[in-house]
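Presented below is the structure to which this report refers.
There are 2 protein chains.
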Amino acid sequence: MRVEAVGRKRRSGTGKAVADPPSPDRPAAVRRALRSLVAERGFHGASMSAVAKRAGVATGTAYVHYASKEELVYAAYLEIKSELADAIVAGVDVNPERDVDPADRWRQMMRAAYRHLSAEPERARFLTQLEESPYRVEAQCRLDAEGNPLQALAAEPRLVRLLVRLPPEVLYALSFGVLVKLVAADVSLSRAELDRLITATWRAVTVA
Amino acid sequence: MRVEAVGRKRRSGTGKAVADPPSPDRPAAVRRALRSLVAERGFHGASMSAVAKRAGVATGTAYVHYASKEELVYAAYLEIKSELADAIVAGVDVNPERDVDPADRWRQMMRAAYRHLSAEPERARFLTQLEESPYRVEAQCRLDAEGNPLQALAAEPRLVRLLVRLPPEVLYALSFGVLVKLVAADVSLSRAELDRLITATWRAVTVA
DNA sequence: TTGTACTGAATGAATGATCGTTCATCATCT
DNA sequence: AGATGATGAACGATCATTCATTCAGTACAA
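Protein chains in written order, with this note's numbering: chain A, 62 to 269; chain B, 62 to 269.
In structure tokens:
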């Protein structure tokens with residue numbers, strides 16, 4: 062039986078319900094729990110019961126919102142990818158539009174990505190684990206299905222003209238892929254080292 | 062009970078046993094089976110019983126040679142790493158010693174690595190899965206314990222002088238790491254694309 | 001306002017499958 | 001005989017998933 066009902070909804074006046082903690086968004090709690098457990102123990106150690114426990118819900122609750130563990134995994138993946146894309150977009154200044162040097166924009170994007178990832182390395186660890194697992198193919202499909210936001214970013218014509226003629230996934234692996242991997246592996250970079258790394262990726266993906 | 066005893070040893074003359082297939086090296090068969098199962102199904106789907114079945118041995122046989130699944134995993138990892146290092150060493154010509162341009166040597170090494178990995182992509186897939194999992198830390202320790210063969214290769218003074226001042230693991234991620242990841246992801250590169258990729262990594266890891 | 005029926009989120013014990021591991025037993029060779 | 005490798009059924013633990021049940025919240029009738 063339930064022991065108590067902490068922070069459940071209260072009624073205020075006529076109509077809408079008002080939450081005590083803003084809202085007990087259980088699907089989000091479950092996704093977060095999966096994210097952190099996968100990051101620290103791998104898919105191996107992220108059982109549904111462990112996920113539920115960390116999310117503070119019952120085992121069955123996860124299945125109310127996700128049809129299976131696999132569906133939950135994909136949901137968490139898409140969420141992390143879109144958070145990353147948002148962070149990168151927010152990191153570049155779009156005001157002068159025409160005047161920004163592509164190399165400078167590249168630097169802004171990489172810096173934003175690094176800030177975002179290292180602020181919560183769980184994300185990088187989850188990404189690397191999933192993208193090197195058999196989930197990869199299906200995850201990539203779902204990402205493309207809802208319009209890969211990172212790919213759109215890289216399509217800017219003035220940038221494209223400078224890029225080495227290599228498939229997009231190779232260019233990704235040479236730049237953002239390296240960033241994600243390093244954060245996941247807990248390699249800490251000084252400001253100067255990060256700058257040298259960004260320069261290195263720029264030299265890698267562009268022609269002289 | 063055993064149904065038959067295919068290819069068991071036969072006796073020849075006085076002393077040594079002669080195998081029918083040269084030698085039923087069961088530990089090696091078990092390592093190979095783990096390698097291929099992890100590559101195609103992930104650690105998830107590589108249970109010890111499945112590994113044993115694919116290796117053509119009984120479940121218990123794996124435990125005769127390895128104390129636990131974890132030990133088997135590390136053994137398979139070290140084997141793959143050392144095979145890779147051997148392939149790279151074999152790929153560079155060491156005869157003129159003093160006269161080879163570091164950039165050329167780099168190209169030879171990367172090409173050898175790519176040949177070796179894409180000839181049997183299981184290796185790349187196993188490596189990426191392990192190196193992004195919680196096994197990573199312990200695996201790295203054991204690798205260093207028996208003298209990381211790749212690290213020795215990169216220590217050549219004339220090369221070191223040209224490298225960007227970044228930690229070794231960052232330089233690895235920018236070059237060989239990318240190669241392994243791409244082969245694991247089944248990205249097929251034309252001869253020209255591979256050349257451009259190698260050039261890209263060289264530009265990334267060296268100063269102008 | 002009160003009573004009642006309905007809805008769907010939340011629960012957690014239970015299920016069958018499968019996991020890593022063990023071990024009594026057997027086979028083969030010295 | 002003794003030693004070592006190989007066997008596979010069996011073990012307890014844990015896995016993903018299910019489902020009968022509880023509970024909070026809403027809508028409507030009286």
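Every residue, glycine too, gets a C-beta built ideally from N, C-alpha and C. Quick caveat, the model's predicted, so the values are computed rather than measured.
Within the same chain, 232, 266 and 267 come within 7 Å of residue 224 of chain B by CB-CB distance, once the 5 residues on both sides are set aside. Just so you know, the alpha carbons of residue 144 of chain A and residue 155 of chain B end up roughly 49 Å apart.
Of the residues assessed, residue 238 of chain A falls on the buried side of the cut-off, its CB having 16 or more other CB atoms within 10 angstroms.
A direct Cα-to-Cα measurement between residue 177 of chain A and residue 164 of chain A gives close to 20 Å. In the three-state DSSP reduction, residue 255 of chain A falls in the helix class (H, G or I). Proximity to residue 115 of chain B across B:203, B:269, B:90 and B:259 peaks at B:90, based on C-alpha coordinates. Chain order gives the chain B residues near residue 194 of chain A as 103 and 190, where near means a beta carbon separation below 7 Å. In the DSSP assignment, residue 105 of chain A falls outside any alpha helix (DSSP H) and carries neither an H nor an E. Contacts with chain B at 7 Å (Cβ-Cβ) do not include residue 173 of chain A.
As the crow flies, the alpha-carbon of residue 98 of chain B is around 17 Å from that of residue 122 of chain B. At a C-beta separation below 8 Å, residue 182 of chain A has no neighbours in chain B, since its nearest C-beta there lies roughly 13 Å away. Just so you know, the alpha carbons of residue 206 of chain A and residue 199 of chain A end up roughly 10 Å apart. By the Cβ criterion, the segment 244-259 of chain B is not in contact with the segment 241-250 of chain A, since fewer than three pairs of Cβ atoms, one from each stretch, lie closer than 8 Å.
Listed along the chain, the chain A residues whose CB falls inside 9 Å of the CB of residue 153 of chain B amount to none; the nearest CB is some 22 Å away. Between residue 141 of chain A and residue 174 of chain A a beta carbon distance of about 12 Å is seen, past the 8 Å cut, so the two are scored as non-contacting.
Your pair residue 261 of chain B and residue 211 of chain A does not check out as a contact, with CB atoms roughly 19 Å apart and the cut at 8 Å.
Residue 150 of chain A: member of the alpha helix (DSSP H) spanning 130-152, first to last residue. Uninterrupted beta strand (DSSP E) stretches at least 3 residues long and entirely within the segment 161-214 of chain A do not occur. With respect to the 7 Å criterion, residue 171 of chain A and residue 259 of chain A are classified as neighbours on the basis of their beta carbons. Counting only residues of its own chain and dropping the five nearest sequence neighbours on each side, residue 255 of chain B has a CB closer than 7 Å to the CB of 175.
Residue 195 of chain A and residue 202 of chain B have their C-alpha atoms some 26 Å from each other. DSSP, reduced to helix, strand and coil, places residue 240 of chain B within a helical segment of the structure shown. Pairing residue 185 of chain B with residue 112 of chain B gives a Cβ-Cβ distance that is not under 7 Å. For residue 226 of chain B, the chain A residues whose C-beta falls within less than 9 Å of its own C-beta are 253, 254 and 257, listed in chain order. Where residue 120 of chain A is concerned, the enclosing alpha helix (DSSP H) starts and stops at 120-126. Non-local C-beta neighbours of residue 214 of chain B in its own chain, meaning closer than 8 Å and more than five positions away in sequence, comprise 146, 149, 150 and 170, ordered along the chain. For residue 161 of chain A, same chain residues with a beta-carbon under 6 Å away, outside a window of 5 residues either side, do not exist. Note on geometry: alpha-carbon atoms of residue 132 of chain A and residue 243 of chain B lie some 26 Å from one another. The beta-carbon separation of residue 134 of chain A and residue 95 of chain A, rounded to 7 Å, stays under the 8 Å limit for a contact.
Within the same chain, and ignoring the five residues on either side of residue 167 of chain B in sequence, the residues whose Cβ sits closer than 7 Å to its Cβ are 263.
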